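Data block below; observations after.
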Amino acid sequence: MTENKRLLPGSMSDEDALTCGDPITALIARMSVSSVHESLVEFVNAEIKRPGAKVDTITIGLAAYMMQMHASFVAYFLDAEMADAVVAQFQAVFDRTYREHFVDSAKELAA
1 MTENKRLLPG SMSDEDALTC GDPITALIAR MSVSSVHESL VEFVNAEIKR PGAKVDTITI
61 GLAAYMMQMH ASFVAYFLDA EMADAVVAQF QAVFDRTYRE HFVDSAKELA A
């Protein structure tokens, strides 16, 4: 992950994202310039340097961690009966966002 922190859509700058009208993009922008993001990047970079580190283990573990963090957070606000609706919402965000962001990031890194 080194210094690259492209979490924002397309070529949007941090300033544009922080001041935009979309609350989700603004939240992502605030997170991407926070100490939370810096700490996570430092952790991932340290994991990559561990002897025997495997990228697939790190990426799957990171995804599982994010999902568990999301699920724990949502559980504070919603009853367990809402699980299917929350999973559907999470899946919709994943389907809409992940591939596009992955391709954009890969292109930026290749340039």
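Following the numbering used here, the numbering of the sequence shown begins with 1 at its first residue and continues without gaps.
Ideal Cβ placement from N, Cα and C applies to all residues, glycine included.
Everything numeric in this text was worked out from a predicted model, so none of it was measured.
- Between Ile-28 and Ala-17 the beta-carbon gap is near 7 Å, inside 8 Å, which marks them as a contact.
- In terms of Cβ geometry, Val-41 and Asp-14 do not form a close pair [threshold 9 Å].
- Secondary structure of Val-33 (DSSP, three-state): coil.
- Between Leu-62 and Val-36, the gap from beta carbon to beta carbon reaches 9 Å or more.
- Gly-61 sits in a helix when the DSSP states are folded into three classes.
- DSSP places Ala-111 in no alpha helix (DSSP H); its state is neither H nor E.
- Nearest to Met-67 by alpha-carbon distance, out of Glu-81, Val-55, Phe-77, Gln-91, is Gln-91.
- The distance from the Cβ of Val-86 to that of Val-74 is about 5 Å, consistent with a contact at the 8 Å cut-off.
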